[in-house]
Amino acid sequence: MKRFKNILVVLDHESGSEALIKRAVTLGQRNQARLTVVFVIKKATMLHQAEPPVVAEQPVIDIIEEIPCDTPVPVTSKSLQDFQERIPITIEELPQDVQEYIIQEEQHNLEQIVASIRQTGVQVSSKVLSGSPFVEIIREVLRGEHDLVMIRAESRGGLKEALFGRTTMHLMRKCPCPVWVMNPAQPKHYSHILAAVDPTPFYEQRNALNIQILDLATSLAHRERCRLLIIHTYTSTLESHVQSGRINVPPRKLDEWCREYRDTHRRSLEELLRLYDLENLEHQVYLLKGEAGRLIPALAAAKEVELIVMGTLSRSGVAGFFIGNTAEKVLRQVDCSVLTVKPDGFITPVKLDA
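Sequential numbering from 1 applies to the sequence shown in the numbering used here.
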């Protein structure tokens, strides 16, 4: 079974980080893995010290810079809850000495979180990163040779937008290791995991990706003791051409070809699943005719899936990584956690020395 050994956990100031940490700790305990907990601050730039413009004398405006003295001020703490609930810091236009102070404070807060994780027996370290969030996360993956990134769903607007906001989508496109985007609103224990596969004869890259997907999905399903759903969808180009009137095929012949096409996909799926011992794992296998971008979210919603494990493919001949059209469609429609896997040999466009 697939075991992650070097996990990068990305925290932020939004609620939900505690649930992310708990799942990362559990995964670390079960796999005897090492955790690195990071927080990313957008890299700041110094204010331009320009000469103030000469303006005509203006009337004085009274500006209050303090709240009334009788207003109660809440006592702050250095707990994880306090770390989550503080207003996110933007330091892009702060002086350098203030930037350094903020970084030191964030490192101090992370060290307190790490201290509580160490009490669980998990090996853990912490680091504050400064720069573009997705770039610095990927650089840390490269530096530390991490085999998994765990990150909380971004909270912007609706949940679907939140799950796959700017940082997470960049990571899914460009991070060299699997990325687990976690919806903190879901229960601690998964009851349904969905693996989306696409076994295709003579397509080595895609078939290798299917094995990665099922390695992860079966491993997690065993550990969670939950039901594993496996879905493969297919569409018939020939049938589409007939329906559009581009070609004319007798109905009986078309039915025969469609059955053969379906049977080919069925055999490919069965051949893939024979690689796995599913006897001791509660599971259901779906072979559905239609667009994956519609059927995968529909099945996930119907079965109340908490986690989807799926692959993303690069476009042939294009440097870097571009998430596939099917993956884009799925990600825009689901509101559960998602674990995305890259093809073997994928090379991130992010460089350490850039």
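Don't be surprised by glycine CBs; every beta carbon is placed ideally from N, CA and C.
Quick caveat, the model's predicted, so the values are computed rather than measured.
Where the alpha helix (DSSP H) containing residue i begins and where it ends
i	result
F134	P133 to G144
S268	P251 to L273
L288	Unbroken run through L288 is the beta strand (DSSP E), H283 to K289; no alpha helix (DSSP H).
L339	L339 -> not in any alpha helix (DSSP H); beta strand (DSSP E) instead, spanning S337 to V341.
P297	A292 to A302
Bridge-paired residues (DSSP) for residue i
i	result
Q123	R34
R152	M182
F39	L11 and V128
For residue i, the first and last residue of its enclosing beta strand (DSSP E)
i	result
G311	L307 to G311
H232	R227 to Y234
K174	Careful: K174 lies outside any beta strand (DSSP E), inside the alpha helix (DSSP H) at R166 to K174.
A196	H192 to A196
I7	N6 to L11
Beta-carbon proximity check, residue i vs residue j, cutoff 7 Å
i	j	result
A19	P184	yes
I117	V25	yes
L281	A221	yes
E378	V40	Summary: the structure shown does not reach residue 378, with the chain confined to residues 1 through 354, and so no result is reported for it.
V128	E106	yes
Y261	S236	yes
Q355	E306	The structure shown does not extend to residue 355, since the chain spans only 1 to 354, so no value can be given for it.
M182	S17	no
V179	T312	no
D344	A208	yes
K352	R139	Before going on, a small fix: residue 352 reads as Leu here, not Lys. Yes, the Cβ-Cβ distance between L352 and R139 is below 7 Å.
S125	T36	yes
L273	L287	no
Assigned exposure category for residue i - 16 Cβ within 10 Å defines buried
i	result
S316	Confidence at S316 is low in this model, with a pLDDT of 42, below 50, so the placement of that residue should be treated as unreliable; the coordinate-derived value is given next. Label assigned to S316: exposed.
P349	exposed
H170	buried
F4	buried
I7	buried
E304	exposed
Y365	Past the edges of the chain, shown from 1 to 354, lies residue 365, and the structure says nothing about it.
T264	exposed
H283	buried
I113	buried
**Request:** Would you check if the stretch 225-237 and the stretch 189-202 touch, i.e. whether three or more CB-CB distances between them fall below 8 Å?
**Result:** yes
**Asked** Three or more C-beta pairs closer than 8 Å, one from the stretch 281-295 and one from the stretch 324-334: is that the case here?
**Response** yes
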